[in-house]
Amino acid sequence: MTPRHRTSPAHRARFAGLLLGVTTLAGCSDFNITGWNLSDVAVTAGDFDNVAAPLDRMVVPHRTYEGIISVATWDPSYDYQDVAYKVEDLLGSSANMSAFSTIFVASGTRGLGQRVYNGLEPDDELVSSPDVLKNTREYVKNGGVLVVTDWAYDLVEQSWPDEIDFEGDDTVYDAAQTGEIGRVAADIVDPEVADALGYDTMGVTYDYSNWAVIQDVAPDVRVIVQGSPHYHPDGQTSETLQDKPLMVVFQPPGARGKVVLTTFHIDAQTPEIMDALITAVVGNFQTDGGGTVAVQ
Amino acid sequence: MKRALLIGLWLSMMALAACKPHQVSTDTSGLGDTGDTGPTYQLELSPPSAGQGSSLDVSLTANVSTFRFGETRLDLGPGITIDSITVLDVFDAVASIHVDPDAELGARDALVSVGDKDWTLPGAFTVIDRSIALDPPYAKMGQVLHVSVTGTNTNWADGYTYADWGDGIDVLDFSVLSPGLADARIAVHPDATPGLRDVSVEDGPEVTTLYQGFTVDRAVITAFWDPPEVHQGDSVSFTLTGLDTHFSRDTTIEFWDDGGPNPDIQVTAQTTADDTHITGTIQVSNAARLDYRDVLVTTGDEAVLIPNALKVLDSPPNLNDVVPQIGFDVYRTIDNATGTLQERVQAYAVFFIPLDPPCGSSSQPSDGPRPYDNNGVWPIPPPPDPVDCPNPETLSAGDFVWFEGPENVVPLHKDVIQSTGQIIYWGQDLTLDDYHFGTTYDLHTQGDPHGVPEVLVEKVQPTVPADYHLLTPQFWGDLTVSRNQDFEYTWSPAQTYPDAIFSTQISGTLAADGTPGFAGCIPWDDGDHTYHPSELQQLEAGPVTFSASSFIQGRYFGLPFSRYQTSRSSSTLSTDAQMILQ
């Protein structure tokens with residue numbers, strides 16, 4: 640694992656200065672997680688996480704940008720070939736991203752890893768693109784909410800390398816993907832979120848192995864859920880992660896938006912908990928009838 | 002190990018949880034947080050059933066805040082023990098249960114208690130008589146592995162019980178170890194859809210299914226083969242690129258078709274560069290079976306199957322390589338019950354391309370008698386170990402082939418062996434009238450524009466010089482011969498001298514070691530010969546076969562356009578009879 644830089648005092652000072660110019664949110668790790676009102680939503684369709692599941696349950700309109708690598712495991716019949724909107728059109732265009740208040744990037748979205756998981760072909764078209772990373776940073780800076788799950792973590796690591804210390808070599812895509820399949824009893828450690836939910840534990844299901852492991856976070860990153868699941872750091876030996884972040888949120892310095900990252904899949908969790916977590920940590924969505932984006 | 006067990010148990014539970022659970026909507030009385038306008042209260046058990054004698058985890062899922070730490074209990078009635086219950090959160094709990102082997106079959110109520118509140122879920126859990134469990138309950142994409150299949154109240158039998166893992170997973174082998182235990186070797190295709198799937202075990206009319214009981218994980222271990230196509234007869238370089246593999250110098254590479262490993266493609270050179278790279282050379286037999294092949298790469302306990310890794314393409318036959326093989330024989334058998342002489346005349350021709358590389362070993366040459374009148378006893382060597390060789394490619398020479406002699410013509414009709422596609426020409430309904438003694442026939446092909454053209458190869462198929470018959474004793478009616486006395490027999494001379502040869506033998510079991518053997522001789526073809534007690538006593542008492550043969554070989558020959566000119570035909574007139582040594 641490569642040692643990570645923590646947020647420097649100078650960095651924090653600069654960030655504090657920027658806070659004077661923002662209107663919505665305040666404070667490093669003290670920003671309000673809950674209470675965000677959100678409307679236009681985009682989701683990417685990736686192979687391993689149907690991030691639209693809670694939105695569908697809550698009847699939240701959203702536009703789907705297809706990003707399937709091989710097959711939508713959550714619905715193998717999903718005919719992604721006919722989806723007009725592609726993930727490259729979303730992350731590759733600052734204008735397109737800015738049309739949405741919230742963007743969910745699903746685990747297994749193409750272009751965000753070292754190579755395709757079932758082959759040798761490279762799959763880093765998006766995450767290695769300076770334009771994509773710039774668009775992503777600008778999006779959050781301008782108030783956008785970015786929700787990233789599991790294998791899409793490289794987008795966060797490359798965009799804000801100082802915020803989250805992922806397992807493995809930070810310079811190698813996918814290096815953090817060492818978690819083991821299983822289920823773990825986890826704690827909802829953020830008081831604000833626990834208060835909003837009314838409970839402070841949740842069973843976290845890792846329905847596939849090789850999920851992205853977080854080792855540590857910068858001070859301005861708020862840990863929402865933490866637990867002690869298993870991982871295999873060397874590819875062979877299984878070890879227990881002690882009280883590691885499983886879901887985090889942070890507001891990058893100078894940004895008006897926020898970044899939410901889950902190491903687990905949204906669609907593999909207990910729906911009632913996930914819907915509540917999404918609402919608490921991401922925001923209150925404008926439900927169908929008032930939305931401006933057609934449901935795909 | 003404990004952690005592995007826990008993961009396994011969890012996976013089983015998770016897998017089962019994904020099946021259609023028995024869902025119970027209960028009266029919400031006692032649930033103050035649901036309210037009249039809240040959602041319908043739902044509490045589910047998953048899996049909703051278990052087999053007698055099984056231990057498993059059952060998940061309890063509520064759609065409103067329900068469970069509390071230390072205050073949640075589950076009662077599934079008599080015969081089911083709740084070993085523990087773990088609350089994961091207010092919506093989820095997991096109970097470890099054991100179903101007694103004699104627990105009453107059928108549906109039963111579940112009683113869930115949280116604090117002082119109780120909910121009865123009518124018929125929420127069912128005890129079934131047969132069930133299966135898998136260990137491990139998951140595999141990587143591309144992985145080849147053994148899975149232990151445990152059955153409860155099953156009666157599996159090897160060869161009659163089969164398992165099905167669904168699309169994208171091949172069951173390479175299914176071995177039943179006991180009525181309730183089997184070992185399955187499965188190959189998960191690299192492109193198998195990740196996720197949960199059903200697994201069924203079929204035992205005659207009985208099918209036991211574990212719904213959503215096996216997870217294809219998204220972790221991939223596989224390899225990629227290049228080149229994707231080869232031609233029959235090719236010797237080509239290959240590269241094998243692994244994904245998360247651990248190749249070594251001991252890595253083995255096999256080529257599989259529908260019937261399993263097929264040795265008609267052989268690795269002739271192999272260099273392992275590192276964990277994920279192997280290069281080398283393969284030799285594809287010129288008769289290699291056409292179509293796709295899987296490649297199985299095994300390194301110790303690690304094995305990956307690359308489905309349809311390469312395709313074997315047909316190579317047009319080269320006439321320069323064609324070898325003819327012909328024969329014309331008469332087989333006689335004396336019916337032991339009636340003394341009737343049963344006679345069969347057989348003529349054949351085949352045009353084939355010898356296997357390249359050669360496959361298998363030829364039969365060990367057997368020792369035997371030498372001319373003339375040198376009696377002896379010899380073992381019959383065992384047949385060589387069977388080798389799975391490809392079927393040599395055969396060519397058509399038209400609809401007919403003829404053996405043409407000065408006095409008659411023997412037509413041979415084209416026949417295609419359905420199972421192999423090989424072409425062979427047979428004489429049909431031949432009798433002794435078609436077999437002219439002392440003749441050397443020409444080989445004449447009709448010709449096939451896509452195979453062997455019309456050719457006439459002169460004087461290649463001989464026949465024995467003359468007919469002969471066994472005269473005394475009468476070789477039928479359980480002819481019994483004492484091993485302690487001379488056994489003299491006579492025949493009408495076969496006129497074999499000097500071009501052919503006449504031989505006899507008594508085939509049975511060697512008294513010395515109980516292995517097959519025979520007493521044999523190449524007698525002067527004068528019509529009279531004797532086996533002596535010194536030879537007969539080396540055979541065990543009991544039924545034996547007496548055989549007499551007249552035999553002749555033809556000249557070396559080949560097709561005019563072929564590089565092979567080493568074919569040599571022969572002809573035999575044999576007579577077999579049964580007798581008893583005592």
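Each protein sequence line maps, in turn, to chains A and B.
Under the working numbering, the first residue of the first sequence carries the number 640, and numbering increases by one thereafter.
Under the working numbering, the first residue of the second sequence carries the number 2, and numbering increases by one thereafter.
C-beta: ideal position from N, C-alpha, C; glycine also.
Since this is a predicted model, take the numbers as computed values, not measurements.
Could you check what DSSP says for residue i in three-state terms: helix, strand or coil?
i	result
N676 of chain A	strand
W477 of chain B	coil
V888 of chain A	strand
L17 of chain B	The pLDDT assigned to L17 of chain B is 37, lower than 50, so where the model puts this residue is not dependable, and the model offers no usable value.
P325 of chain B	strand
S733 of chain A	helix
Y163 of chain B	strand
I584 of chain B	In the structure displayed, chain B extends from 2 to 583; residue 584 of chain B sits before or after that span and is not available.
D276 of chain B	coil
A919 of chain A	helix
I418 of chain B	coil
I708 of chain A	coil
T121 of chain B	strand
W713 of chain A	coil
L759 of chain A	coil
Can you find a C-beta in chain A that's less than 8 Å from the C-beta of residue i?
i	result
Y219 of chain B	In the sequence as presented, Tyr is not what sits at residue 219 of chain B; that position holds Arg. Yes - at least one Cβ of chain A is within 8 Å of the one on R219 of chain B.
D84 of chain B	no
V91 of chain B	yes
T41 of chain B	no
N64 of chain B	yes
F225 of chain B	yes
Y293 of chain B	no
L1 of chain B	Residue numbering for chain B in the displayed model covers 2 to 583; residue 1 of chain B lies beyond these limits and cannot be assessed.
L57 of chain B	no
Can you check which of these residues, the options, is closest to residue i by C-alpha distance?
i	options	result
G818 of chain A	A:A835, A:L885, A:D801 and A:E831	A:L885
D204 of chain B	B:D165, B:L413, B:N321 and B:A193	B:D165
D251 of chain B	B:D265, B:T273, B:L241 and B:R564	B:T273
G116 of chain B	B:G143, B:D101, B:H445 and B:R74	B:R74
P355 of chain B	B:L396, B:D119 and B:H530	B:L396
G685 of chain A	A:P872, A:Q797, A:T876 and A:T788	A:T788
Q881 of chain A	A:S867, A:R861, A:G837 and A:T844	A:S867
Please confirm if residue i has its CB atom under 8 Å from at least one CB of chain B.
i	result
S848 of chain A	yes
G660 of chain A	Confidence is the limiting factor: at G660 of chain A the pLDDT is only 29, short of 50, which leaves the residue's position unreliable, though a coordinate-based value still follows. So no, G660 of chain A is outside the interface.
A833 of chain A	no
F911 of chain A	One detail in the question is off: residue 911 of chain A reads as Glu in this sequence, not Phe. So, interface residue.
G866 of chain A	no
D837 of chain A	Reading off the sequence, residue 837 of chain A comes out as Gly, not Asp. Yes, G837 of chain A lies at the interface with chain B (some Cβ there is under 8 Å from its Cβ).
Run down chain B in chain order and give the residues with a C-beta less than 7 Å from the C-beta of residue i.
i	result
V710 of chain A	T194
F687 of chain A	R219
A824 of chain A	L89
G750 of chain A	Chain B residues near G750 of chain A: none, gap ~17 Å exceeds 7 Å.
Between which residues of its own chain and residue i is the CB-CB distance below 7 Å, once the five residues before and five after are set aside?
i	result
N392 of chain B	A288, T421 and Q423
N309 of chain B	Y293 and D295
T531 of chain B	D487, F488 and E489
T491 of chain B	L472, T473, G528 and D529
C390 of chain B	L356, C360 and G361
Starting from the beta carbon of residue i, find every residue of chain B whose beta carbon is closer than 9 Å, and list them in chain order.
i	result
T840 of chain A	F70, V88, L89, D90 and V91
P693 of chain A	Those do not exist, as P693 of chain A stays about 14 Å from chain B at its closest Cβ, beyond 9 Å.
P715 of chain A	T194 and G196
Within its chain, find whatever has a CB closer than 6 Å to the CB of residue i; leave out the 5 residues flanking it on each side and keep chain order.
i	result
V726 of chain A	T683, Y704, G706 and T748
G559 of chain B	Y565, Q566 and S568
A304 of chain B	V145
Report all residues from its chain with a CB closer than 8 Å to the CB of residue i; omit the five preceding and five following residues, and keep chain order.
i	result
P158 of chain B	The sequence as given places Ala at residue 158 of chain B; Pro does not occur at that position. Closer than 8 Å at Cβ, skipping near neighbours: V177, P180 and D204.
S55 of chain B	H99, V100, S132, A134 and T153
Chain A partners of residue i, CB-CB under 7 Å?
i	result
L244 of chain B	L759
Who are the neighbours of residue i on chain A, taking C-beta pairs under 9 Å?
i	result
P191 of chain B	N757 and G758
For this session: Return the residues of the region 136-167 of chain B that lie within a Cβ-Cβ distance of less than 7 Å from chain C, sorted by chain order.
Result: Protein chains A and B are contained in the structure displayed, whereas chain C is not.
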